[in-house]
Each structure stands twice: as structure tokens, then as C-alpha cells.
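*Asks:* So the sequences go chain by chain: V and L.
Numbering follows numbering that gives the first Met the number 0, with no gaps: position 72 of the first sequence is 71.
Numbering follows numbering that gives the first Met the number 0, with no gaps: position 26 of the second sequence is 25.
Protein chains: 2
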Amino acid sequence: MFLHSQAELALGSRFKAISESLYAAANAAYRDAGADIDAHWFPVLRYLHVKGPATVTEIAAAIGQTHPAVSQLAAKLRKGGWITRRADASDARRGMLELTADAERKLDKLGPVWCAIRRGARAAALRGQGSLIDALTSFENDIASGRLAAEIAHERERVLAAPIEIHPFREEWAVHFDRINTEWLERWFVVEPVDRETLSNAKKLVIDRGGRILFAALDGEVIGTCALLKEAPGVYELSKMAVETGFRGLGAGRRLLEAAIAEFERLGGTTLFLESSKRLGPALRLYESLGFVHHPAPRPGSHYARADVYMVYEPEKRASRTPARAREPALRVVERG
Amino acid sequence: MFLHSQAELALGSRFKAISESLYAAANAAYRDAGADIDAHWFPVLRYLHVKGPATVTEIAAAIGQTHPAVSQLAAKLRKGGWITRRADASDARRGMLELTADAERKLDKLGPVWCAIRRGARAAALRGQGSLIDALTSFENDIASGRLAAEIAHERERVLAAPIEIHPFREEWAVHFDRINTEWLERWFVVEPVDRETLSNAKKLVIDRGGRILFAALDGEVIGTCALLKEAPGVYELSKMAVETGFRGLGAGRRLLEAAIAEFERLGGTTLFLESSKRLGPALRLYESLGFVHHPAPRPGSHYARADVYMVYEPEKRASRTPARAREPALRVVERG
DNA sequence: CTGAGTTACGTTAGCACTTACGTAACCGCT
DNA sequence: AGCGGTTACGTAAGTGCTAACGTAACTCAG
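Right under this line is the structure:
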């Protein structure tokens with residue numbers, strides 16, 4: 000190829016060509032997944048999905064584009080029913096862009112596709128050892144030969160076919176514990192200092208104090224976390240329950256919670272409680288269905304400013320529709336002290 | 000930056016942004032150099048500059064774009080006086096795009112700018128050690144901080160200020176000997192088997208047989224070559240004289256030829272001849288001015304199909320306007336046998 | 001020699017951005 | 001209260017490409 004002989008000189012042209020091919024590859028993956036989405040929308044949609052409602056300028060700054068670009072795309076997305084615009088109460092110039100419930104539901108399912116694209120792209124990028132130029136060349140080869148597209152399709156099938164596994168704590172996954180929970184907190188509340196502390200020192204502050212951390216994984220990809228913090232002998236707090244955006248609806252949350260309860264029982268715990276927020280309807284219903292009951296008074300001395308719900312686990316309240324396999328690990332029911 | 004947190008997922012967007020920044024950086028370099036050129040034109044102009052007249056589709060295939068892109072750009076360049084279109088004699092559908100004499104002259108001077116862009120981009124690319132993602136991040140940092148632009152400007156000054164040096168053969172430069180001559184041959188003639196042989200085995204077929212190869216370099220960048228092939232004891236052929244496109248007009252050709260003649264004399268040679276072509280007017284005038292005289296008959300048993308000019312060096316015919324420093328190396332004038 | 005297929009390449013419409021500009025709302029200062 | 005400066009963001013126009021189409025010229029089998 001002539002451009003390759005020009006080495007770093009035609010880099011602009013090569014970058015652009017790769018960019019377009021990547022968009023095309025991502026679009027193909029979306030199409031295969033039955034998602035009527037355009038890869039160019041990803042930065043905006045993903046931002047709204049991860050961070051929640053945002054203004055045009057905020058998004059533009061975050062994704063490194065000009066505000067007209069975001070403004071124009073927002074108009075298109077609004078027409079397509081992906082987002083709505085709600086006037087900001089305190090500042091009439093600003094409009095909060097917000098995903099529609101429908102869009103949110105669609106994006107909640109896209110995790111496997113994103114995972115596949117990420118893996119395919121990473122494989123292509125890693126094949127070119129050494130310099131950037133080598134990596135680009137390898138990228139171009141993989142794109143031209145269709146290898147990138149094939150790998151993305153293959154990865155998507157793998158991820159979709161994979162069962163959700165629950166894993167105990169691993170040092171090398173601590174970073175995911177931090178990432179997923181930070182993302183979740185930034186989306187729904189704010190990261191309080193006590194969160195920052197726990198998330199960045201999980202091993203020391205949770206595990207070494209007799210607590211547990213569980214991971215939900217899909218084909219080796221961490222998609223959710225849950226923690227049991229040891230409050231006192233026999234007393235555990237269920238906390239840091241979060242599932243990554245894009246992997247909702249696969250049942251990872253329920254599986255994590257079931258595993259956490261099983262672990263609590265295996266530990267011979269007497270009391271298992273959690274603090275949450277009324278804003279988190281679906282999560283509360285999950286807790287209720289697995290045996291947590293609402294406590295009338297707020298918990299005395301709560302760590303969290305956001306907590307306005309206090310629930311305690313009562314095994315006999317557990318809904319009977321719990322799938323059998325959730326009980327697999329030898330069940331040692333322990334009387335509450 | 001939000002996009003960075005998306006790892007390989009937003010690669011398309013990042014590639015595109017880098018592409019645009021690189022075009023902008025290149026444009027800034029052209030502007031600084033006083034060249035009214037747009038970086039987007041580079042692939043087409045450079046192709047025509049290196050390969051000579053070409054059709055729209057040929058260029059499109061070579062630079063990896065669609066033919067409408069080239070067609071539209073060609074229309075613009077034609078309007079701007081950069082290229083002309085000449086109908087192909089044998090095929091009325093085709094039109095040969097050709098640089099105007101003016102454009103050719105401008106591009107002949109752009110070597111230092113291209114060299115600067117290449118070096119700046121290479122530095123940025125090399126700073127990101129490891130994966131492609133690291134390299135991209137480093138690129139983005141350098142672009143955002145203005146470091147890339149500053150380095151390009153700095154490199155341009157360095158290259159422009161550097162004197163032309165003439166160097167003896169180095170193994171590690173053999174690749175440039177091959178590249179520059181191959182490019183030149185493809186532009187003006189075709190690469191004959193005897194050329195391919197010599198160019199890819201320079202050390203063995205030139206140096207080890209008692210010949211010499213000289214390089215012209217600008218701040219470490221090889222921009223021209225020249226060879227003395229030993230035909231018989233005392234008999235040398237001047238050959239493989241080529242200066243890279245973009246570095247014409249700096250006097251590299253004359254410096255190389257002077258050095259080659261000096262080397263011939265230092266070797267105690269008796270006969271120095273060359274074969275060339277009537278098509279290469281400026282080169283012939285250079286040869287004449289440094290003491291080569293036209294031989295009426297073609298050389299018996301010439302290696303080259305393209306040769307229709309046969310010249311022999313006669314020191315006394317050398318124009319007196321030769322700069323003094325060209326004679327610096329101890330001059331041992333030898334009678335012709 | 002004819003017509004089907006191929007090739008060269010111009011044109012058009014569209015896309016994803018950009019820069020440039022305009023307008024309304026907000027902020028801080030006198 | 002008023003006024004310059006800033007901010008939010010929409011609109012217009014331009015750019016560099018692409019996909020899709022059209023047309024004329026060429027090629028080659030029957």
C-alpha cells in the first residue's frame with residue numbers, strides 16, 4: 000500500500016480510515032445483535048447510560064467533541080425516541096438530556112455486544128507488537144481480511160452463551176470492584192469518602208476484617224459485585240451490590256445476592272442487614288423477594304448519607320420461587336441470635 | 000476523559016479525533032513553511048510526485064480511498080492550478096492527472112517539512128510504550144499539550160538549518176540506497192532486473208567489488224545516493240545517482256557528483272563514464288558542468304535498456320565555476336589510460 | 001459484428017462532523 | 001437596576017468523505 004510507504008507522514012489518513020472501519024465493524028455487531036443503533040451514537044448514549052442525565056455541553060466536553068455535534072445528534076436521537084429533553088429547573092438555558100425508559104432497556108442489554116467489540120479490537124491491537132505503526136498495520140490487516148469482524152461476532156456468541164459464574168474475591172479483580180461501584184455511585188448518588196476508602200482498599204478493609212467480596216462474571220468478564228462487610232461477630236452488612244450497565248436483566252444481581260446469603264449462612268452469621276435508598280425500586284424488590292424485610296426505623300449510626308432504607312434478612316420470609324440451583328451450596332440455616 | 004474509560008470501545012472516535020489533530024498539525028507545519036497546501040491533499044500530491052502522472056482510479060486504489068474522493072479532490076486541485084488533466088491517448092475514458100511544473104517545483108522543496116512531520120509524529124508514537132492504547136493516549140496527550148506541534152516546528156528548523164553532508168557507505172543505510180533508487184526508477188523508467196539485483200545487494204555487488212556508494216544526508220536523514228561501480232581496473236561507472244523527491248534544489252545532486260568524482264580520483268581511476276537518458280535534462284546539464292562529455296556512439300554492451308546517453312569524464316572540461324570546497328579532498332589528477 | 005459485461009470516472013445526495021455566528025439566560029459588579 | 005462578560009446551545013454553512021447512480025468507452029465471447 001502506497002500510504003504505508005509514507006510511514007508517519009500519512010498517519011492522518013490511516014487513522015481516519017481505521018476509524019471508519021471500526022465504526023463499520025461496530026455497526027455490523029449491533030446489527031447482528033438486532034440493535035438498531037449506530038456506532039457514532041455510542042459516546043453520547045453510553046455517557047447518558049453510565050452517568051445519567053446530562054446537558055449538551057457537559058457531554059460534548061466529556062466525549063471531546065464540539066457542542067454543535069452533540070446538539071445535532073441529540074436532535075436526531077430525540078426524533079428517534081432515544082432521549083428526551085427536560086428543561087433544567089435552575090437554569091433556563093440548559094436542558095437535561097435523558098434516556099427514555101425504552102432506550103435504557105435496550106442499552107441495558109448491550110453489554111455482551113460491547114464486550115465482544117472490546118475484545119475483538121483488543122486482539123487486533125495486541126497483534127501488532129512494538130510500535131504504533133506496527134499496531135496500525137495489524138489493525139488494517141485485520142480489518143481488510145475480515146478477521147476483526149469475525150472475531151467480534153465470535154466473541155459475542157461466546158459471551159451470550161456463557162453462564163453467569165459467581166467467584167470469590169481475587170486480588171486482580173479488586174480494580175473491577177472499584178470501577179463498577181464507583182460508576183454506579185456516580186450514576187445514582189455521589190461517592191462518599193467512606194466509599195472511596197472501601198473501594199480502593201477492598202482487600203484490607205473487607206476481606207482482612209472477615210468480610211467477603213463476590214464477583215459475577217460472564218466468560219471471564221466481571222459484570223457485577225457484592226460485598227459482605229463484617230460489622231461485629233455474626234453481624235454482616237450486605238453492601239456494594241452493583242451490576243455493570245449493559246449487563247442488566249441477565250439475573251446477575253439475583254445470583255450475587257443468593258450467593259451472598261449462602262455465604263453469610265456458611266459463615267454462621269446471625270444478623271444480615273443492608274442499607275439502601277427508596278430511589279432504587281427494582282433492587283428493593285429483589286431484596287424483599289430473597290428474604291429481606293424493611294425495618295421501620297433508620298439504622299442508628301449509618302455510614303451513608305444516601306441511606307433511607309434499612310432492611311434485615313429473615314430467612315423464613317424468603318419467597319419460595321427462588322430457583323433451586325441457588326441453594327446448591329450446602330445450606331446451613333442458622334438461627335438468628 | 001470519558002472516552003478513555005471506555006477502553007477499546009470508543010476506539011473509532013479516538014482514531015478519528017487523532018486523525019483530525021494530525022491533519023491540523025501538518026497544516027500548521029505547511030503554513031509555517033509558507034506552503035499553501037492542505038494536509039488532506041498529501042496522499043494524492045505525493046503519489047503524483049513520487050510515481051508521476053496517474054489516473055483517478057489508480058490513485059484511489061493506491062491511497063485506499065474511493066474514486067469519487069480522488070475525483071472531487073482532483074477537480075479542486077485542477078482549479079487551484081496544482082494538476083492538469085491530459086486525456087489518455089489509448090483509452091478515452093481515462094485521464095492522466097499530472098502535476099503542473101509549478102506544483103512540482105513546490106513539492107520538490109517540501110522534503111524538510113515532511114521530514115519534520117514524520118519525526119514529530121514518530122516521537123509521539125514512540126513515547127507510548129507498550130500497547131496501542133498507550134500509544135494513542137500518548138498521542139492525544141502530545142496533541143492536547145501542543146508538544147507535537149512544537150516538535151514538528153523544531154524539527155523543521157533543525158532540518159532546514161542543517162548542511163548537506165556526504166557520507167561513505169554504511170550497511171544500515173543500504174535500505175535507503177534501495178528505496179531512493181527504486182522510487183526514482185519507477186518514476187522515470189522501470190526497474191530492470193539488473194537494477195533490482197544491484198539495489199538489494201549493494202554491499203556485495205558494489206562495495207565488495209571495489210566500488211563506492213555515497214550518501215547525501217540532511218541532519219541524519221538520507222536524501223540522496225550515488226554509486227561508483229568498478230568495471231575493470233581503473234574503470235568506473237557513475238551510477239545510481241538519485242535525490243529523494245522533496246529535497247530537490249538543495250544542491251545535493253551536485254555535492255554527490257563532486258564527491259563521487261573526488262573519490263574516483265582518490266581511487267586512482269583512469270576512466271569514469273556514465274549512462275543516462277535524454278529525458279533527464281537537468282541531470283545531463285549537471286554532468287556536463289562537472290566535466291562529463293557526450294560520447295557520440297552508444298556504449299557497447301550497455302546493461303540498461305533505458306540508456307541513450309553515454310558520457311565520459313574529462314577533468315579539463317570541468318566548468319571553472321565549481322565551488323572550491325568541492326576540490327578539498329587531496330586532488331590526484333590521473334592521466335586517462 | 002453485436003451485445004453483455006467491465007472499467008473509468010463524473011455527479012448527486014447524504015453523513016458526521018467542523019467553524020462561525022446568533023440569541024437568550026445567567027453572573028458579577030458598580 | 002443596569003450593563004459588560006460569560007455560558008448554553010441552537011442554526012447555518014462548509015468540508016471531506018462515502019454510497020449509489022449514470023454514462024461513456026472499452027473488451028471479448030458467440
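Ideal Cβ placement from N, Cα and C applies to all residues, glycine included.
Model, not experiment: these values are computed from the prediction.
Lys203 of chain V and Ala173 of chain V - do their beta-carbons sit closer together than 8 Å?
*Replies:* Your numbering for residue 173 of chain V matches position 174 in the first sequence. Your numbering for residue 203 of chain V matches position 204 in the first sequence. It is not a contact, given that the beta carbons lie outside the stated cut-off.
*Asks:* Under 7 Å between beta-carbons, which chain V residues line up against Arg45 of chain L? List them in chain order, please.
*Replies:* Here residue 45 of chain L corresponds to residue number 46 of the second sequence, with the count starting at 1. Here the neighbours are Gln5.
*Asks:* Answer yes if the segment 10 to 20 of chain L comes into contact with the segment 50 to 60 of chain L, meaning at least three C-beta pairs across the two stretches below 8 Å, and no otherwise.
*Replies:* Short answer: they don't touch.
*Asks:* Going by other Cβ atoms of all chains shown within 10 Å of its Cβ, with 16 needed for buried, is Asp101 of chain L buried or exposed?
*Replies:* The residue given as residue 101 of chain L occupies position 102 in the second sequence. Label assigned to Asp101 of chain L: exposed.
*Asks:* Between which two residues does the alpha helix (DSSP H) harbouring Gly119 of chain L extend?
*Replies:* In the second sequence, counting from the first residue as 1, residue 119 of chain L sits at position 120. Element bounds for Gly119 of chain L: 110 to 126.
*Asks:* With a cut-off of 8 Å on the beta carbons, I'd call Asp107 of chain L and Gly245 of chain L a contact; round off their distance for me.
*Replies:* Along the second sequence, read from residue 1 onward, the residue named residue 107 of chain L stands at position 108. Along the second sequence, read from residue 1 onward, the residue named residue 245 of chain L stands at position 246. Going by Cβ atoms, the distance from Asp107 of chain L to Gly245 of chain L rounds to 7 Å, so yes, they are a contact pair.
*Asks:* Can you tell which of V:Ala215, V:Ser130, V:Leu198 has its C-alpha closest to the C-alpha of His166 of chain V?
*Replies:* Counted from its first residue, the first sequence places residue 166 of chain V at position 167. The candidate whose alpha carbon is nearest that of His166 of chain V is V:Ala215.
*Asks:* Does the beta-carbon of His153 of chain V have 16 or more other beta-carbons within 10 angstroms, so that it is buried, or is it exposed?
*Replies:* As a first step, residue 153 of chain V must be located in the first sequence, where it is residue number 154. It counts as exposed.
*Asks:* Is the beta carbon of Phe176 of chain L less than 8 Å from the beta carbon of Ile212 of chain L?
*Replies:* Taking the first residue of the second sequence as 1, we reach residue 176 of chain L at position 177. Taking the first residue of the second sequence as 1, we reach residue 212 of chain L at position 213. Yes, the Cβ-Cβ distance between Phe176 of chain L and Ile212 of chain L is below 8 Å.
*Asks:* Within 8 Å, do at least three Cβ pairs link the segment 117 to 137 of chain V to the segment 115 to 128 of chain L?
*Replies:* As far as the Cβ criterion goes, the segment 115 to 128 of chain L touches the segment 117 to 137 of chain V, which means the pair count is three or higher.
*Asks:* Using 8 Å as the limit for Cβ to Cβ distance, is Tyr22 of chain L near chain V?
*Replies:* Position 23 of the second sequence, counted from the start, is the residue given in the question as residue 22 of chain L. Cβ-Cβ to chain V under 8 Å: yes for Tyr22 of chain L.
*Asks:* With distances taken from CA atoms, which of V:Arg298, V:Gly145, V:Leu8 is nearest Ala25 of chain V?
*Replies:* Your numbering for residue 25 of chain V matches position 26 in the first sequence. The candidate whose alpha carbon is nearest that of Ala25 of chain V is V:Gly145.
*Asks:* What would DSSP say about Ala296 of chain V, mapped onto helix, strand or coil?
*Replies:* Along the first sequence, read from residue 1 onward, the residue named residue 296 of chain V stands at position 297. DSSP places Ala296 of chain V in coil when its eight states are reduced to three.
*Asks:* Can you name the start and end residues of the alpha helix (DSSP H) that Val190 of chain V belongs to?
*Replies:* Position 191 of the first sequence, counting from 1, holds the residue named residue 190 of chain V. Unbroken run through Val190 of chain V: none, as it is neither H nor E.
*Asks:* Under 7 Å Cβ-Cβ, which residues of chain V neighbour Lys15 of chain L?
*Replies:* Working through the second sequence from its first residue, we reach residue 15 of chain L at position 16. Residues of chain V passing the Cβ test: Lys15, Ser18.
*Asks:* Determine the contact status of Leu349 of chain V and Trp113 of chain L, defining contact as a CB-CB distance below 8 Å.
*Replies:* Outside the shown range of chain V (0 to 336) lies residue 349 of chain V, about which nothing can therefore be said.
*Asks:* Identify the contact partners of Ala38 of chain V in chain L, using a Cβ-Cβ distance below 8 Å as the criterion.
*Replies:* As a first step, residue 38 of chain V is located in the first sequence; it is residue number 39 there, counting from the start. Going along chain L in sequence order, the residues near Ala38 of chain V (Cβ under 8 Å) are Gly11.
*Asks:* Where does the unbroken alpha helix (DSSP H) through Pro281 of chain V begin, and where does it stop?
*Replies:* Translated into positions along the first sequence, residue 281 of chain V becomes position 282. Element bounds for Pro281 of chain V: 280 to 288.
*Asks:* Does the structure place the segment 229 to 239 of chain V close enough to the segment 82 to 100 of chain V that three or more beta carbon pairs sit under 8 Å?
*Replies:* Verdict: no, contact absent.
*Asks:* Rounded to a whole number of angstroms, what is the C-alpha to C-alpha distance between Gly336 of chain V and Gly268 of chain V?
*Replies:* What you label residue 336 of chain V is simply residue 337 of the first sequence in a count that begins at 1. What you label residue 268 of chain V is simply residue 269 of the first sequence in a count that begins at 1. Bear in mind that a pLDDT of 31 at Gly336 of chain V, under 50, signals an unreliable position, so the number given afterwards is only what the model happens to contain. The alpha-carbon atoms of Gly336 of chain V and Gly268 of chain V are separated by roughly 9 Å.
*Asks:* For Arg118 of chain V, tell me which candidate among V:Glu150, V:Phe41, V:Arg247, V:Leu44 has the shortest Cα-Cα distance.
*Replies:* Taking the first sequence and counting its residues from 1, the one referred to as residue 118 of chain V is at position 119. Looking at the Cα atoms, V:Glu150 is the closest of the given residues.
*Asks:* Let's test the definition: count the other Cβ atoms within 10 Å of the Cβ of Arg155 of chain V and tell me whether it reaches 16, buried, or not, exposed.
*Replies:* Position 156 of the first sequence holds residue 155 of chain V. Arg155 of chain V is buried by the Cβ-count criterion.
*Asks:* Assign His66 of chain L to one of three DSSP states: helix, strand, or coil.
*Replies:* Along the second sequence, read from residue 1 onward, the residue named residue 66 of chain L stands at position 67. DSSP places His66 of chain L in helix when its eight states are reduced to three.
*Asks:* Pro42 of chain V touches chain L at which residues, Cβ-Cβ below 7 Å?
*Replies:* Position 43 of the first sequence, counting from 1, holds the residue named residue 42 of chain V. What Pro42 of chain V touches in chain L: Leu2, Ala9, Ser12.
*Asks:* For the alpha helix (DSSP H) that Glu164 of chain L lies in, which residues bound it at each end?
*Replies:* Taking the first residue of the second sequence as 1, we reach residue 164 of chain L at position 165. Careful: Glu164 of chain L lies outside any alpha helix (DSSP H), inside the beta strand (DSSP E) at 163 to 167.
*Asks:* How should Gly127 of chain V be labelled, buried or exposed, when 16 other C-beta atoms within 10 angstroms of its C-beta is the threshold for buried?
*Replies:* For the purposes of this step, residue 127 of chain V is identified with residue 128 of the first sequence, where counting begins at 1. Buried: at least 16 other Cβ atoms inside 10 Å.
*Asks:* So the candidates are L:Arg93, L:Arg92, L:Ile82, L:Lys105; which of them puts its Cα closest to the Cα of Thr99 of chain L?
*Replies:* For this step, residue 99 of chain L is matched to residue 100 along the second sequence. Nearest C-alpha to Thr99 of chain L: L:Ile82.
*Asks:* Cutting at 7 Å between CB atoms, please list the residues of its own chain near Arg317 of chain L, excluding the five before and the five after it.
*Replies:* Sequence index remark: in the second sequence, residue 317 of chain L carries index 318 (1-based). Excluding residues within five positions, the ones whose Cβ falls inside 7 Å are Leu289, Gly290.
*Asks:* Using a Cβ-Cβ distance under 8 Å, would Leu125 of chain L count as near chain V?
*Replies:* For the purposes of this step, residue 125 of chain L is identified with residue 126 of the second sequence, where counting begins at 1. For Leu125 of chain L, the answer is yes, since a Cβ of chain V falls inside 8 Å of its Cβ.
*Asks:* Using beta carbons (cut-off 8 Å, strictly below), is Gly223 of chain L in contact with chain V?
*Replies:* Here residue 223 of chain L is taken as the residue at index 224 of the second sequence, counted from 1. For Gly223 of chain L, the answer is no, since every Cβ of chain V falls outside 8 Å of its Cβ.
*Asks:* Please decide whether Leu109 of chain L counts as near chain V, where near means a Cβ-Cβ distance under 8 Å.
*Replies:* Start at 1 with the first residue of the second sequence, and residue 109 of chain L comes out as number 110. By this cut-off, Leu109 of chain L is not an interface position.
*Asks:* By the three-class DSSP mapping on this structure, what secondary structure does Gly252 of chain L have?
*Replies:* Along the second sequence, one-based indexing puts residue 252 of chain L at 253. Residue state, collapsed to three classes: helix.
*Asks:* Verify the CB distance criterion: does Ile163 of chain L have a CB-CB separation below 8 Å to chain V?
*Replies:* Residue 163 of chain L sits at position 164 when you count from the first residue of the second sequence. Ile163 of chain L does not count as touching chain V.
*Asks:* Based on Cα-Cα distance, which residue from L:Arg305, L:Lys105, L:Arg208, L:Asn180 lies nearest to Ala241 of chain L?
*Replies:* Taking the second sequence and counting its residues from 1, the one referred to as residue 241 of chain L is at position 242. Checked all of L:Arg305, L:Lys105, L:Arg208, L:Asn180; the closest Cα to Ala241 of chain L is L:Asn180.
*Asks:* Please compile the residues from chain V whose C-beta is within a distance smaller than 9 Å of the C-beta of Ser130 of chain L.
*Replies:* The residue you call residue 130 of chain L lines up with position 131 of the second sequence. The answer, in chain order, is Arg121, Ala124, Leu125, Ala134.
*Asks:* Using a 10 Å radius around the Cβ and a threshold of 16 neighbouring Cβ atoms, would you call Ala226 of chain V buried or exposed?
*Replies:* The residue given as residue 226 of chain V occupies position 227 in the first sequence. Answer is buried; the Cβ neighbour count reaches 16.
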